[in-house]
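Okay, so here's the structure we're looking at.
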Ligand code: KIV
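Numbering (our numbering), first residue to last: -4 to 267.
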């Protein structure tokens, strides 16, 4: 059953704003390589995020901090080769946009030029305002990211829900309005109370995409390895698993190992 209200041949930043205006929810997933992106795009997912979560799920780092701009561009280039419909958004990695707006613009330009992606995402509100402004002025679409911003994990000290306290909630609301006013085309809200996320989504005209932000927002994003059940040790409340690939893949690898050891594979038919 199709749940899309309107057929979009290619998703643009404008399509997403239209979807919000028409009450159609936006489906976003991460991808970091060609083969996965081809399946995600073919399944009709609206937005593919080349997230800096690649640092965790592809490279095995504990945080998103170590991934470099060159590595993000490598992942993004592989994803862009695969897509025919989805909008491709690429995370600006830690250290590539915080220190000065000129460097932020240079980083964003490298992503757009070298990968062929359609937009960039960066974490933070007022603190990175000048960087966002500079990137937007160059004609590069920007998606914001507020709430739990994993690049600041050492400041937070924990991956727990953000903006439960009034002061942080007020800052988040004002940052979201600022991002809208500046011309960002969407904003991700990560791990914040559902009621607050709904209030933010209702107060701005650009789409709010949630991860652990409840159902009152305009779309959802999940890390593809998590929703496929490949990272089975990671079990936050917000994560719905749509497959158990850890079990399936382990079974397949064990069967292959046994077939090789027992000389069952390859058979006469599987050779030249
Ligand atoms: O890097 C990422 O995967 C993200 C999502 C969690 C939104 O930023």
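C-beta: ideal position from N, C-alpha, C; glycine also.
Everything numeric in this text was worked out from a predicted model, so none of it was measured.
Sorted by chain position, which residues of the same chain lie with C-beta nearer than 6 Å to residue 111's C-beta, five sequence neighbours on each side aside?
On the chain shown, residue 111 is found 116 positions in, with the first residue counted as 1. Counting only Cβ-Cβ distances below 6 Å, and skipping sequence neighbours, we find 75.
Between the C-alpha atoms of residue 78 and residue 3, what's the straight-line distance to the nearest angstrom?
Position 83 of the chain shown, counted from the first residue, corresponds to residue 78. Position 8 of the chain shown, counted from the first residue, corresponds to residue 3. Spanning the two alpha carbons is a distance of roughly 14 Å.
With a threshold of 6 Å, establish whether the CB of residue 25 neighbours any heavy atom of the ligand KIV.
Taking the first residue of the chain shown as 1, we reach residue 25 at position 30. Yes.
Do residue 19 and residue 0 have their beta-carbon atoms positioned less than 7 Å apart in this structure?
As a position in the chain shown, residue 0 is number 5, starting the count at 1. As a position in the chain shown, residue 19 is number 24, starting the count at 1. Result yes, Cβ atoms of residue 0 and residue 19 sit closer than 7 Å.
Between the CA atoms of residue 16 and residue 148 - distance to the nearest angstrom:
Position 153 of the chain shown holds residue 148. Position 21 of the chain shown holds residue 16. Within the model, the alpha-carbon separation for residue 148 versus residue 16 is close to 34 Å.
Flag residue 46 as yes when its Cβ comes closer than 6 Å to any non-hydrogen atom of the ligand KIV, and as no otherwise.
If you number the chain shown from 1, residue 46 lands on position 51. Distance from the C-beta of residue 46 to the nearest heavy atom of the ligand KIV is below 6 Å.
Is any heavy atom of the ligand KIV found at a distance shorter than 6 Å from the C-beta of residue 86?
Along the chain shown, read from residue 1 onward, the residue named residue 86 stands at position 91. Residue side-chain check: residue 86 places its Cβ nearer than 6 Å to a non-hydrogen atom of the ligand KIV.
Cutting at 6 Å between CB atoms, please list the residues of its own chain near residue 218, excluding the five before and the five after it.
Taking the first residue of the chain shown as position 1, residue 218 is located at position 223. Taken in chain order, the residues that qualify are 25 and 48.
Please tell me whether, using a cut-off of 6 Å, the distance from the CB of residue 206 to the nearest non-hydrogen atom of the ligand KIV is below it.
Taking the chain shown and counting its residues from 1, one reaches residue 206 at position 211. At a cut-off of 6 Å, the beta-carbon of residue 206 counts as near the ligand KIV: some heavy atom of the ligand is closer than that.
Is there at least one non-hydrogen atom of the ligand KIV closer than 6 Å to the beta-carbon of residue 216?
Here residue 216 refers to the residue found at position 221 when the chain shown is read from its first residue. At least one heavy atom of the ligand KIV falls within 6 Å of the beta-carbon of residue 216.
By DSSP, does residue 216 sit in helix, in strand, or in coil?
On the chain shown, position 221 is the one that residue 216 refers to. Note: residue 216 maps to strand in three-state DSSP.
Identify the residues that DSSP records as bridge partners of residue 116: which are they?
Indexing the chain shown from 1 puts residue 116 at position 121. Here residue 116 is bridged, per DSSP, to 86 and 138.
Should residue 254 be labelled buried (16 or more other beta-carbon atoms within 10 Å of its own) or exposed?
Locating residue 254 in the chain shown gives position 259, where the first residue counts as 1. Exposed, by the Cβ-count rule.
Let me check one thing: in DSSP terms, what residues is residue 25 bridge-paired to?
Along the chain shown, one-based indexing puts residue 25 at 30. DSSP output for residue 25 lists 44 as bridge partner(s).
Nearest to residue 113 by alpha carbon, out of 244, 251, 5 and 240?
Here residue 113 refers to the residue found at position 118 of the chain shown. When C-alpha distances from residue 113 are compared across 244, 251, 5 and 240, the shortest belongs to 5.
For residue 251, is the classification buried or exposed, using 16 other Cβ atoms within 10 angstroms of its Cβ as the cut-off for buried?
If you number the chain shown from 1, residue 251 lands on position 256. By the neighbour-count rule (16 or more Cβ atoms within 10 Å), residue 251 is not buried but exposed.
Residue 158 to residue 260, Cα distance in whole Å?
Mapped onto the chain shown, residue 158 falls at position 163. Mapped onto the chain shown, residue 260 falls at position 265. Distance between the alpha carbons of residue 158 and residue 260: 55 Å.
Cβ-based burial, residue 51 [other Cβ within 10 Å; buried from 16]
Mapped onto the chain shown, residue 51 falls at position 56. Looking at its Cβ environment, which holds 16 or more other Cβ atoms inside 10 Å, residue 51 is buried.
Residue from 21, 97 and -2 whose Cα sits closest to the Cα of residue 123
The residue labelled residue 123 in the question sits at position 128 within the chain shown. Out of 21, 97 and -2, 97 has the C-alpha closest to the C-alpha of residue 123.
Short Cβ contact (7 Å threshold) for residue 205 with residue 212
For the purposes of this step, residue 205 is identified with residue 210 of the chain shown, where counting begins at 1. For the purposes of this step, residue 212 is identified with residue 217 of the chain shown, where counting begins at 1. Taking 7 Å as the cut-off, the Cβ atoms of residue 205 and residue 212 count as close.
If we call anything under 7 Å between Cβ atoms a contact, is residue 84 one with residue 140?
The sequence position of residue 84 within the chain shown is 89, counting from 1. The sequence position of residue 140 within the chain shown is 145, counting from 1. Their beta carbons are not under 7 Å apart, which means residue 84 does not touch residue 140 by this criterion.
Using only the heavy atoms of the ligand KIV, determine whether one of them is closer than 6 Å to the beta carbon of residue 183.
What you label residue 183 is simply residue 188 of the chain shown in a count that begins at 1. Yes, the Cβ of residue 183 comes within 6 Å of a heavy atom of the ligand KIV.
If you draw a straight line from the C-alpha of residue 137 to the C-alpha of residue 179, how long is it?
Along the chain shown, one-based indexing puts residue 137 at 142. Along the chain shown, one-based indexing puts residue 179 at 184. The straight-line gap separating the alpha-carbon atoms of residue 137 and residue 179 is approximately 5 Å.
Compute the Euclidean distance between the alpha carbons of residue 39 and residue 115, then round it to the nearest angstrom.
Numbered from its first residue, the chain shown carries residue 39 at position 44. Numbered from its first residue, the chain shown carries residue 115 at position 120. In a straight line, the C-alpha of residue 39 is about 21 Å away from that of residue 115.
Cut-off 6 Å between Cβ atoms - residues of its own chain near residue 89, not counting five sequence neighbours on either side
Against the chain shown, residue 89 aligns to sequence position 94. By the criterion of a C-beta distance shorter than 6 Å, residue 89 is surrounded in its chain by 60 and 146, once the five residues flanking it on both sides are discounted.
Under the three-state reduction of DSSP, which class applies to residue 181: helix, strand or coil?
Position 186 of the chain shown, counting from 1, holds the residue named residue 181. DSSP places residue 181 in strand when its eight states are reduced to three.
Thinking residue 82 and residue 42 are a contact (beta carbons under 8 Å), I'd like their distance in whole angstroms, please.
As a working mapping, residue 82 is identified with position 87 in the chain shown. As a working mapping, residue 42 is identified with position 47 in the chain shown. Indeed they touch by this definition, with Cβ atoms about 5 Å apart.
Range covered by the beta strand (DSSP E) that runs through residue 204
Translated into positions along the chain shown, residue 204 becomes position 209. Its beta strand (DSSP E) spans residues 203 to 206.
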